[in-house]
């Protein structure tokens, strides 16, 4: 009898399993009273430390070098912070037929968060695309998203975001932007230490996000928010997200062709411009939505796994593409970094 194996082209991110387990833990043992206050304080500190590490990791020199390929980066930013939000606003027409108002707010928030870094790099490498461009595009998106995502949320969600207000902008500055800038300032002194201990600090990254998820879902359980969601509504949400991902994948690929980009650049645009960052989105949702963060991050968690599965299939098919036309830049460098281990796809 042959042994059944999970298809290699359909990855289930192990971290998603941990996230689901954390949600289950919060459902069975939500934090109450003093424990809730302790968890909330620890979550706040964890978010600040998380963005401090982001700042310490980002190489300013690499980011400045990447500006030479500015047309590609502008294209990715437009996809991330213009086209995605436009579709998010248009999805308002699906309320209440397919989505409830809270699920729609979560979907709209999903469209506002930055692009990924690690998974964009990994899939671009597999597909034989412009990897250096994917690295810079993901880094720029994450950096700009620290400011742009809260501003977009302020304009598009307003006070309907379940507690989002002008005070949230202050929290964003104190909990996200200030730690990030501190990491950038201290990078000359701690950058090598961070690089040497990236695996250990990666566990800190993920542990911090698990704490954020536990705190958010615990508070949602205590307040009874989850009674607002039914299986039919979840099915509707999945259908909407599948359509959104499909549209963005088509637009990024054929839009890149229409703009005159070569094959390698189009691959980078497709993978960097069609995905959303779970690692950046979860902490931001915790700051912006407070007690309503559990429903706000649900669409993002589902979309994250969906994009991994679909983009893995596309990347492997692109790798078999016989076309070898060079891109607008970085072609040889892209191949030079292929084969490097891509062990993290969370972001």
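Residue numbers (my numbering): 377 to 723.
Just so you know, even glycine gets a beta-carbon here, dropped at the ideal spot from N, CA and C.
Remember, it's a predicted structure, so these values are computed and weren't measured experimentally.
Can you tell which of the options has the C-alpha that lies nearest to the C-alpha of residue i?
{"i": "residue 452", "options": "631, 658, 679", "result": "631"}
{"i": "residue 672", "options": "448, 430, 462, 475", "result": "475"}
{"i": "residue 624", "options": "646, 609, 419, 634", "result": "646"}
{"i": "residue 464", "options": "444, 488, 454, 658", "result": "488"}
{"i": "residue 618", "options": "683, 587, 573, 574", "result": "683"}
{"i": "residue 638", "options": "393, 408, 448", "result": "448"}
{"i": "residue 461", "options": "479, 587, 490", "result": "490"}
{"i": "residue 428", "options": "591, 457, 552, 510", "result": "552"}
{"i": "residue 629", "options": "516, 500, 591, 588", "result": "500"}
{"i": "residue 695", "options": "592, 531, 550, 502", "result": "502"}
{"i": "residue 659", "options": "558, 526, 515, 516", "result": "526"}
{"i": "residue 516", "options": "450, 531, 579", "result": "450"}
Does the Cβ of residue i have 16 or more other Cβ atoms within 10 Å, making it buried, or fewer, making it exposed?
{"i": "residue 413", "result": "exposed"}
{"i": "residue 508", "result": "buried"}
{"i": "residue 693", "result": "exposed"}
{"i": "residue 606", "result": "exposed"}
{"i": "residue 446", "result": "exposed"}
{"i": "residue 621", "result": "buried"}
{"i": "residue 421", "result": "exposed"}
{"i": "residue 396", "result": "exposed"}
{"i": "residue 665", "result": "buried"}
{"i": "residue 510", "result": "buried"}
{"i": "residue 642", "result": "buried"}
{"i": "residue 730", "result": "Residue 730 cannot be examined here, being either before or after the span of the chain that is shown, 377 to 723."}
{"i": "residue 587", "result": "buried"}
{"i": "residue 596", "result": "buried"}
Which value, in whole angstroms, describes the spacing of the CA atoms of residue i and residue j?
{"i": "residue 690", "j": "residue 654", "result": "20 angstroms"}
{"i": "residue 565", "j": "residue 423", "result": "22 angstroms"}
{"i": "residue 434", "j": "residue 548", "result": "19 angstroms"}
{"i": "residue 585", "j": "residue 504", "result": "31 angstroms"}
{"i": "residue 669", "j": "residue 562", "result": "31 angstroms"}
{"i": "residue 495", "j": "residue 506", "result": "14 angstroms"}
{"i": "residue 493", "j": "residue 469", "result": "31 angstroms"}
{"i": "residue 644", "j": "residue 626", "result": "13 angstroms"}
{"i": "residue 473", "j": "residue 568", "result": "53 angstroms"}
{"i": "residue 679", "j": "residue 661", "result": "15 angstroms"}
{"i": "residue 521", "j": "residue 651", "result": "13 angstroms"}
{"i": "residue 431", "j": "residue 570", "result": "11 angstroms"}
{"i": "residue 688", "j": "residue 390", "result": "15 angstroms"}
{"i": "residue 407", "j": "residue 467", "result": "34 angstroms"}
{"i": "residue 392", "j": "residue 676", "result": "11 angstroms"}
{"i": "residue 518", "j": "residue 640", "result": "22 angstroms"}
{"i": "residue 546", "j": "residue 697", "result": "48 angstroms"}
{"i": "residue 577", "j": "residue 686", "result": "29 angstroms"}
{"i": "residue 404", "j": "residue 415", "result": "16 angstroms"}
{"i": "residue 538", "j": "residue 636", "result": "Low confidence applies to residue 538: its pLDDT is 49, below 50, so where it sits in the model is not reliable, and the reading given next is rough at best. C-alpha separation (whole angstroms): 42 angstroms."}
{"i": "residue 497", "j": "residue 471", "result": "35 angstroms"}
{"i": "residue 410", "j": "residue 455", "result": "43 angstroms"}
{"i": "residue 592", "j": "residue 657", "result": "13 angstroms"}
{"i": "residue 614", "j": "residue 674", "result": "11 angstroms"}
{"i": "residue 575", "j": "residue 559", "result": "18 angstroms"}
{"i": "residue 616", "j": "residue 573", "result": "40 angstroms"}
{"i": "residue 459", "j": "residue 611", "result": "24 angstroms"}
{"i": "residue 400", "j": "residue 663", "result": "22 angstroms"}
{"i": "residue 583", "j": "residue 531", "result": "31 angstroms"}
{"i": "residue 681", "j": "residue 579", "result": "20 angstroms"}
{"i": "residue 701", "j": "residue 444", "result": "For residue 701, the predicted model reports a pLDDT of 44, less than 50, meaning its position is unreliable; a value from the coordinates is still stated below. The straight-line gap from Cα to Cα measures roughly 20 angstroms."}
Check the C-beta distance from residue i over to residue j and give it rounded, since I have them as a contact under 8 angstroms.
{"i": "residue 513", "j": "residue 648", "result": "4 angstroms"}
{"i": "residue 402", "j": "residue 594", "result": "5 angstroms"}
{"i": "residue 529", "j": "residue 556", "result": "That pair is no contact at about 17 angstroms."}
{"i": "residue 398", "j": "residue 589", "result": "5 angstroms"}
{"i": "residue 609", "j": "residue 479", "result": "6 angstroms"}
{"i": "residue 457", "j": "residue 524", "result": "6 angstroms"}
{"i": "residue 426", "j": "residue 581", "result": "6 angstroms"}
{"i": "residue 477", "j": "residue 533", "result": "Contact flag wrong, Cβ pair sits at about 11 angstroms."}
Answer yes or no: does any C-beta atom of chain C fall closer than 8 angstroms to that of residue i?
{"i": "residue 642", "result": "Structure shown: chain C not included; a single protein chain is present."}
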